[in-house]
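What follows is a short report on a single structure.
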Amino acid sequence: MNNSTVAADNPENYPLMPTYGQPPVQFVRGSGTEFFDRDGNRYLDFLCGLAVTSLGHAHPAGAEAVAEQARTLLHVSNLYETVPGLEVAETIDRLQGGGGQVFFCNSGAESLEGAIKLARRNGGHGKHVVVSALKSFHGRTLATLHATGQVEKNETFQPLPEGFRHVPYNDFEALEASIDPSCAAVLLEVVQGEGGVNVGTVNTSRKSASYVTNGRCC
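Throughout the sequence shown, residue numbering follows my numbering, covering -5 to 212 in sequence.
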């Protein structure tokens, strides 16, 4: 299979930063669960854009919805309200039980940054510590790198922002011991997927959520 890319053809003048190393292949189109590289090779898409796109490629309904919105109105920022934005926010809130508000983000890391800021603002002076699990993954910004419980991912970016604490995964007693009056938030994944595939038990997850939300931390 000839996985040729622009990076391979001209590595000295490649314009994209090699965030994950040199791209092994250049994709030019997709259809449903398949996509194709510039040499015509066919692939099954098990990646889904790092697990954020699950509707497949080039579905006519999706393509038409995007085109219709582009013909109507593009970006106006969150300074203003739009009908599609309001409708999506209402749907998300309803699916979560109602009574909340929605903050649209560009990435998971941005959503965690927003959550950390919100928790610290809500906690007030002296309530700033964020507790997360070892082997977790919460993003690649400076704050979320520190929340990520993997030293190998953040050691080259030291010093990191202060106020983060890590405990063993799926260990309620360790979590309980880590929480003190300075705790503003706890970040826990039900299933870890970046530091190995680790599944939290239902009992520990429920105990942890109940303990944290009953005024122990946030």
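Where is the CB? At the ideal position from N, CA and C, for every residue including glycine.
For clarity, every value in this text was computed on a predicted model and none was experimentally measured.
message: Quick check: the Cα distance between residue 166 and residue 140, rounded to an integer number of angstroms?
response: Within the sequence shown, numbered from 1, the residue matching residue 166 stands at position 172. Within the sequence shown, numbered from 1, the residue matching residue 140 stands at position 146. So the alpha carbons of these two residues sit roughly 21 angstroms apart.
field: Straight-line Cα distance separating residue 169 from residue 178
entry: Along the sequence shown, read from residue 1 onward, the residue named residue 178 stands at position 184. Along the sequence shown, read from residue 1 onward, the residue named residue 169 stands at position 175. Straight-line Cα distance between these residues: approximately 13 angstroms.
field: Boundaries of the alpha helix (DSSP H) in which residue 82 is found, first to last residue
entry: Residue numbering aside, residue 82 sits at position 88 when the sequence shown is read from its first letter. First-last of the alpha helix (DSSP H) with residue 82: 77 to 89.
field: Cβ neighbours of residue 3 in the same chain (closer than 8 angstroms, five flanking residues each side left out)
entry: To locate residue 3, count along the sequence shown from 1; it is residue 9. Result list for residue 3: empty, nothing under 8 angstroms.
- request: Pull up the distance between the alpha-carbon of residue 24 and that of residue 17, whole angstroms please.
  value: For the purposes of this step, residue 24 is identified with residue 30 of the sequence shown, where counting begins at 1. For the purposes of this step, residue 17 is identified with residue 23 of the sequence shown, where counting begins at 1. Going by the C-alpha atoms only, they are around 18 angstroms apart.
field: Helix, strand or coil at residue 149 [DSSP, three-state]
entry: Reading the sequence shown from its first residue, position 155 is the one you call residue 149. Three-state DSSP puts residue 149 in a helix.
- prompt: When the Cα atoms are used, what is the spatial distance from residue 200 to residue 182?
  reply: Looking up residue 200 in the sequence shown gives position 206. Looking up residue 182 in the sequence shown gives position 188. Their Cα atoms are separated by approximately 11 angstroms.
- prompt: Taking the runs of the beta strand (DSSP E) that are 3 residues or longer, which of them lie wholly in the stretch 148 to 208?
  reply: 158 to 161 and 177 to 181
- prompt: With DSSP run on the structure shown, which of helix, strand or coil describes residue 140?
  reply: For this step, residue 140 is matched to residue 146 along the sequence shown. Note: residue 140 maps to helix in three-state DSSP.
query: Quick one: complete beta strand (DSSP E) runs, 3+ long, within the stretch 83 to 133?
result: 123 to 127
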